[in-house]
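Start counting the sequence shown at 3; every next residue gets the next number (the working numbering). This report refers to the structure that appears directly beneath it.
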Amino acid sequence: MSPSYRMIATRHGAVSVADSGGDGFALLMLHGSANCKEVFLPQLESPLAERYRIIAVDLLGHGHSANAEYPGKAYTLAGFAESIGDVVAALGVRRMAVFAWSLGGHVAIEMLARMPIIAGLMLTGTPPIASGPLGMLRGFQAHWDLLLASKEHFTERDIMRFHELCFGDNGGSDMIEAIARSDGRVRAIAVSGMMRGDGADQKRTIEEATVPIAMVNGEHEPIARLGYIAGLDYQTLWDDHCHVIAGAGHAPFRDRPEVFNALLNRFVSDVEAYKQPVPMVLPRSA
3 MSPSYRMIAT RHGAVSVADS GGDGFALLML HGSANCKEVF LPQLESPLAE
53 RYRIIAVDLL GHGHSANAEY PGKAYTLAGF AESIGDVVAA LGVRRMAVFA
103 WSLGGHVAIE MLARMPIIAG LMLTGTPPIA SGPLGMLRGF QAHWDLLLAS
153 KEHFTERDIM RFHELCFGDN GGSDMIEAIA RSDGRVRAIA VSGMMRGDGA
203 DQKRTIEEAT VPIAMVNGEH EPIARLGYIA GLDYQTLWDD HCHVIAGAGH
253 APFRDRPEVF NALLNRFVSD VEAYKQPVPM VLPRSA
């Protein structure tokens, strides 16, 4: 089944959406910085799209979505969360699972802190960091190429380095074009906001989540610290452990799609069936 494509107006600008349609449980997919929704073609063009309603979006400043008129508001985690919230509301989605990658994962955690619509969240290449610069240092690996994540203007060499960081040998010309097209102001604004600690405390949000949280990363993840991710104090960690896909890098959903899609299929099925615990209310004393 081929997805349909449309533009949806949001408070921060027009967002391009791919929607597989159907009556299946909704699965929202959010891409990483300087990428686009087509990065998820191994999922959109798989049997997953026949079982679930997969919705993949281009974040503002990426792909076929508009560049923001007011980037200082739109390109923060809160701004992205607001625009994606407008999209799912326009599509009539009331309950959904989310799979989010890299920057998209940080946006999804911000959404989780704001929106009860999220019934389960799978993260890849996204360390849920505590607010502020120390949180970032603990969650991310330290090497020079990570400076690209906050660089506003890319040279041709920067584009190829960023492509290799994201995909290794599993990207391609479409992903190179997506990186070149992306609005570099996203990188500068989003990363500086995370450094300041804007938005929700992501570590606390994930550790206190009451919906299933899945962590699925590549064995050779070059950006997030896998040890940090494994050491968080999860309350609802799916499968009771963090999954690591052998031989994969930052984008295991492209590196090893057959392995990844099997995990994603099982996760969304579990989320659909999951009954969130009802908080116990103690009787008032006389």
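From the three backbone atoms N, C-alpha and C, an ideal C-beta is built for every residue, glycine too. Quick caveat: nothing in here was measured; it's all calculated off a predicted structure.
### Task
Measure the C-alpha to C-alpha separation of L93 and A70 and round it to an integer number of angstroms.
If I take the Cα positions, the gap works out to 21 Å.
### Task
With DSSP collapsed to three states, give me the class of S6.
strand
### Task
Let me know if E260 comes out buried or exposed under the rule of 16 or more other beta-carbons within 10 Å of its beta-carbon.
By the 10 Å Cβ count, E260 comes out exposed.
### Query
Which two residues bound the contiguous alpha helix (DSSP H) that contains D272?
P259 to A275
### Query
Rounded to a whole number of angstroms, what is the C-alpha to C-alpha distance between K153 and A226?
18 Å
### Task
Figure out for me which residue from L234, V218 and A275 has the closest Cα to the Cα of D257.
V218
### Query
In or out: R268 buried (at least 16 other Cβ within 10 Å) or exposed?
exposed
### Query
According to the neighbour-count rule (16 or more other Cβ atoms, all chains shown, within 10 Å of its Cβ), is H243 buried or exposed?
exposed
### Task
Return the CA-CA distance between G87 and D160, expressed in angstroms with no decimal places.
Whole-angstrom Cα-Cα distance: 32 Å.
### Task
Would you grab the beta carbon distance between A83 and V41 for me? Rounded to a whole angstrom, and I think it's under 8 Å.
Actually they do not touch by this definition, with Cβ atoms about 20 Å apart.
### Query
Which first and last residues belong to the beta strand (DSSP E) in which H245 is found?
Start and end: H245 to I247.
### Message
Going by DSSP, what residue range makes up the alpha helix (DSSP H) through D242?
### Response
Note, D242: premise wrong, no alpha helix (DSSP H); not H, not E.
### Query
Going by DSSP, which residues form a beta bridge with R55?
A28
### Task
Mark S22 as exposed unless 16 or more other C-beta atoms lie within 10 angstroms of its C-beta, in which case mark it buried.
The residue is buried, with at least 16 neighbouring Cβ atoms inside 10 Å.
### Message
Rounded to the nearest angstrom, what separates R13 and A102 at their Cα positions?
### Response
Cα to Cα, the separation comes out at about 22 Å.
### Query
Using the rule of at least 16 other Cβ atoms within 10 Å of the residue's Cβ for burial, across every protein chain shown, is V176 buried or exposed?
Note that residue 176 corresponds to Asp in the displayed sequence, not to Val. By the neighbour-count rule (16 or more Cβ atoms within 10 Å), D176 is not buried but exposed.
### Query
Nearest-angstrom Cα distance between A211 and T238?
The alpha-carbon atoms of A211 and T238 are separated by roughly 7 Å.
### Message
Can you find the residues in the same chain that come closer than 6 Å, C-beta to C-beta, to G199, ignoring five residues on each side of it along the sequence?
### Response
Its chain contains S133 and G134 as the residues whose beta carbon lies nearer than 6 Å to that of G199, once the 5 sequence neighbours on both sides are disregarded; these appear in chain order.
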